[in-house]
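*Asks:* Before anything else, here's the structure in question.
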């Protein structure tokens, strides 16, 4: 299969998912408001902690702007969560609705269909997260364009490929164990914890910190916070942190693809992809 | 000419976990297909007949590369199922999941367009092919409505249309008339015949005997993973038809019955009264060839013949003879 055909399949998959979600407009509105509500809970806790909350927060994070810190955390988490739901859960959804077998009946490599789904998820996730960040900033009285907005965006864009590769890996697990809701929900809590959605991972014990640093969304979140709020990069320079995300690009997609391909073969050897 | 489908000793074993209470389970092997060897000829409608759980769908999934065989070999359009999956997928149109294999939030046109893209048609080809299929299935009125609003029969029709997207030389249709009402099923069978007349080879699975009998040139009977019989419908019937049964109604005396009994090749001739009529049931060993002698013997002995009813063997009889059960019985049990 040549590249032109592959891209055409990817765009068809992208278009198909956009058409489908256009028939659930309420969901698109919810996508924007959920990160704001999610951030509001710890923000209200901070406000209730009184006058010294900001200075105490700054001693651990490097910024007094805990409102921005939380809002950025929940907005990046929204992208991460979308990636897992839209790719990992999507596989399960196709399996349950009977269309996964149809995809496997076509002479198209699944990676192009997955790429189309990932592209759709990126567009939807980026749009809703940026909208949530802008509206949230407006509601909470923040300047959304403080710091280096484009650099923050670069951290997100570079982090997307390893992120979606991780979600493909997770999708392989879901295909194998045939359970999505509980696994994705459980993963969401784990992911939000590891990436430091509302707190710096500096507060983790060393072993847990190491695990968090092996997780690409942790670098995305810290990169965005550092670019916008100046909380400090892990390696004290934006290009070094960005290089780590690039390094993830060299490893994670191949690993995710390898695990997914192995799972596919194993499933075809036994019950088949349609069995749920 | 390459055989559209050929299998040699094709077997498939599933490994399943049988639950033993809340936390315990046990690994079990289920042999879904046991050494099936068959050959589908170019341009024929080949019926796969068997009850639920017989192994028909497993065979189809192996042929369409959804599953890998445990042992044995299979070739589809000359390609090896274990090695040339994409070539097979491009050369087969498949209706497998019935109404489930569709995107319900899309319209029929959007579904067909998407499936067309998966089969590498460009946008112009997709538009043309989509319209052709919509016209063929007479779905113009509902083509731009979301599939979720369709009746079960309309969804089945669209799933059938999906199998036509890549205009493949081999069509694999798994129970395509399920959930269709009588006129729609008959309409779909007419389309299948038309596609076959245009040169497509068709593998057609069904558990409806009359459907297989009227549509298929050759039929394979599969049960419990084994291929029990394979041949044309006539061949399968003939393989059982050692005794020929004919019912003769009219005014038939016991002397006439005796005259028939004395004919060579007659095994039994039983006289019965039915609603003030006499009925003679004659069982002969020589097929329908003995019928002229029977008529002659009856008329010579003074009988008045009003009706001759030859007992026709059906595919259902063949199925019962091969499996020891009726298909309806099996299907009922599987659905219970």
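Residue numbers (our numbering), protein chains in the order written: chain P, 1 to 276; chain Y, 1 to 336.
For glycine and all other residues, C-beta sits at the position ideal for the given N, C-alpha and C.
#1: Measure how close the beta-carbons of residue 340 (chain Y) and residue 46 (chain Y) come, nearest whole angstrom, since I'm counting them as under 8 Å.
#2: Does the count of Cβ pairs from the segment 145-153 of chain P and the segment 34-44 of chain P closer than 8 Å reach three?
#3: Note down, in chain order, all residues in the segment 9-32 of chain Y with a beta-carbon under 7 Å from any beta-carbon belonging to chain P.
#4: What do you get for residue 314 (chain Y), buried or exposed, if any count of 16 or more other CB atoms within 10 angstroms of its CB means buried?
#5: Check the Cβ of residue 30 (chain P) against every Cβ in chain Y and list those closer than 9 Å, keeping chain order.
#6: Can you confirm whether residue 64 (chain P), when its beta carbon is compared against all beta carbons of chain Y, has any partner nearer than 9 Å?
#7: At a cut of 8 Å, does the segment 75-92 of chain P reach the segment 112-123 of chain P through at least three beta carbon pairs?
#8: Between the segment 221-228 of chain Y and the segment 261-280 of chain Y, are three or more C-beta pairs nearer than 8 Å?
#9: Are the segment 206-222 of chain P and the segment 95-114 of chain P in contact at 8 Å, needing three or more beta carbon pairs?
#10: Using alpha carbons as the reference points, say which of P:271, P:14, P:262, P:235 lies closest to residue 110 (chain Y).
#11: Whole angstroms is fine: what's the gap from residue 54 (chain P)'s alpha carbon to residue 64 (chain P)'s?
#12: Any beta carbon from chain P within less than 9 Å of residue 340 (chain Y)'s own beta carbon?
#13: Just checking: is the beta-carbon of residue 89 (chain Y) within a distance shorter than 9 Å of some beta-carbon in chain A?
#14: Can you grab the Cα-Cα spacing for the pair residue 278 (chain Y) / residue 210 (chain Y), in whole Å?
#15: Answer with yes or no whether the minimum CB distance from residue 268 (chain P) to chain Y is below 9 Å.
#16: From this set, P:258, P:208, P:175, P:243, which residue's C-alpha is nearest residue 155 (chain P)'s C-alpha?
#17: Determine which residues of the segment 6-36 of chain P have a Cβ less than 7 Å from any Cβ of chain Y, and write them out in chain order.
#18: Which runs of the beta strand (DSSP E) spanning at least 3 residues fall entirely within the segment 286-317 of chain Y, listed in chain order?
#19: Using 8 Å as the threshold, is the segment 87-105 of chain Y in touch with the segment 146-161 of chain Y, meaning 3 or more CB pairs across them?
#20: Which residues in chain Y have a C-beta closer than 8 Å to the C-beta of residue 75 (chain P)? List them in chain order.
#21: Identify the contact partners of residue 351 (chain Y) in chain P, using a Cβ-Cβ distance below 7 Å as the criterion.
#22: Just to confirm before moving on: does the CB-CB distance between residue 136 (chain P) and residue 75 (chain P) stay below 9 Å?
#23: Checking contacts by CB at 9 Å: is residue 212 (chain Y) closer than that to chain P?
#24: Figure out for me which residue from Y:291, Y:41, Y:154 has the closest Cα to the Cα of residue 202 (chain Y).
#25: State yes or no: is the beta carbon of residue 208 (chain P) nearer than 9 Å to at least one beta carbon in chain Y?
#26: Would you list, in chain order, the members of the segment 60-72 of chain Y that have their beta-carbon closer than 7 Å to a beta-carbon of chain P?
#27: Using a Cβ cut-off of 8 Å, pull out every chain P residue sitting near residue 110 (chain Y), in sequence order please.
#28: Tell me which residue opens and which closes the alpha helix (DSSP H) that residue 31 (chain P) is part of.
#29: Using 8 Å as the threshold, is the segment 61-72 of chain Y in touch with the segment 85-95 of chain Y, meaning 3 or more CB pairs across them?
#30: Do residue 311 (chain Y) and residue 233 (chain Y) have their C-beta atoms closer together than 9 Å?
#31: Check whether the segment 128-142 of chain P touches the segment 99-107 of chain P, taking contact to mean three or more Cβ pairs, one atom from each stretch, closer than 8 Å.
#32: So, does the CB of residue 97 (chain Y) fall closer than 9 Å to a CB anywhere in chain P?
#33: What is the DSSP secondary structure of residue 105 (chain Y), reduced to helix, strand or coil?
#34: Under the DSSP definition of a beta bridge, which residues are partnered with residue 15 (chain Y)?
#35: Can you check the segment 153-230 of chain Y for any beta strand (DSSP E) of at least 3 residues that lies completely inside it and give the ranges in chain order?
#36: Please look up how many angstroms separate the CB atoms of residue 33 (chain Y) and residue 59 (chain Y), rounded, as I've assumed it's under 8 Å.
*Replies:* Looking at the coordinates:
#1: Since the displayed chain Y opens at 1 and closes at 336, residue 340 (chain Y) lies outside it and no answer follows.
#2: Taking 8 Å as the limit for Cβ pairs, the verdict is that the segment 34-44 of chain P does not touch the segment 145-153 of chain P.
#3: With the criterion set as a beta carbon lying under 7 Å from some beta carbon of chain P, the members of the segment 9-32 of chain Y are 14, 15, in sequence order.
#4: By the neighbour-count rule (16 or more Cβ atoms within 10 Å), residue 314 (chain Y) is not buried but exposed.
#5: Within chain Y, no residue comes near residue 30 (chain P); the closest Cβ sits about 17 Å away, beyond 9 Å.
#6: Cβ-Cβ to chain Y under 9 Å: no for residue 64 (chain P).
#7: Taking 8 Å as the limit for Cβ pairs, the verdict is that the segment 112-123 of chain P does touch the segment 75-92 of chain P.
#8: Flag = no, the segment 221-228 of chain Y and the segment 261-280 of chain Y do not touch.
#9: The segment 206-222 of chain P is not in contact with the segment 95-114 of chain P.
#10: Of the candidates P:271, P:14, P:262, P:235, the one whose C-alpha sits nearest the C-alpha of residue 110 (chain Y) is P:14.
#11: Cα to Cα, the separation comes out at about 5 Å.
#12: Examination of residue 340 (chain Y) is not possible in this model, given that chain Y is present from 1 through 336 alone.
#13: Judged by its chain identifiers, the structure shown contains no chain A, and its protein chains are P and Y.
#14: So the two alpha carbons sit approximately 31 Å from each other.
#15: Chain Y contact via Cβ: present.
#16: Answer by Cα proximity: P:243.
#17: Those residues of the segment 6-36 of chain P that come within reach of chain Y (Cβ to Cβ, closer than 7 Å) are 8, 9, 12, 16, 19, 20, 23.
#18: Within the segment 286-317 of chain Y, the complete beta strand (DSSP E) runs of at least 3 residues fall at 304-310.
#19: Judged by Cβ distances under 8 Å, the segment 87-105 of chain Y makes contact with the segment 146-161 of chain Y, as three or more pairs qualify.
#20: Residues of chain Y with a Cβ closer than 8 Å to the Cβ of residue 75 (chain P) do not exist; the shortest Cβ-Cβ separation is about 28 Å.
#21: Given that chain Y is displayed from residue 1 to residue 336, the structure contains no residue 351 (chain Y) and the question cannot be resolved.
#22: A contact, by the Cβ cut-off of 9 Å.
#23: It does not: the Cβ of residue 212 (chain Y) has no partner Cβ on chain P nearer than 9 Å.
#24: With distances taken between Cα atoms, residue 202 (chain Y) lies closest to Y:41.
#25: Residue 208 (chain P) does not count as touching chain Y.
#26: Within the segment 60-72 of chain Y, those residues whose Cβ lies closer than 7 Å to any Cβ of chain P are, in chain order, 61, 64, 66, 67, 68.
#27: Within chain P, the residues whose beta carbon sits less than 8 Å from that of residue 110 (chain Y) are 16, 19, listed in sequence order.
#28: Element bounds for residue 31 (chain P): 25-48.
#29: For the pair of segments examined, the segment 61-72 of chain Y was found to touch the segment 85-95 of chain Y: the number of CB pairs separated by less than 8 Å reaches three.
#30: Cβ atoms of residue 311 (chain Y) and residue 233 (chain Y): not closer than 9 Å.
#31: Short answer: they don't touch.
#32: Closer than 9 Å to some Cβ of chain P, the Cβ of residue 97 (chain Y) qualifies, so yes.
#33: Correct three-state label for residue 105 (chain Y): coil.
#34: Per DSSP, Y:29.
#35: Runs of the beta strand (DSSP E) spanning 3 or more residues and lying entirely within the segment 153-230 of chain Y occur at 170-174, 201-206, 218-223, in chain order.
#36: That pair is a contact at about 6 Å.
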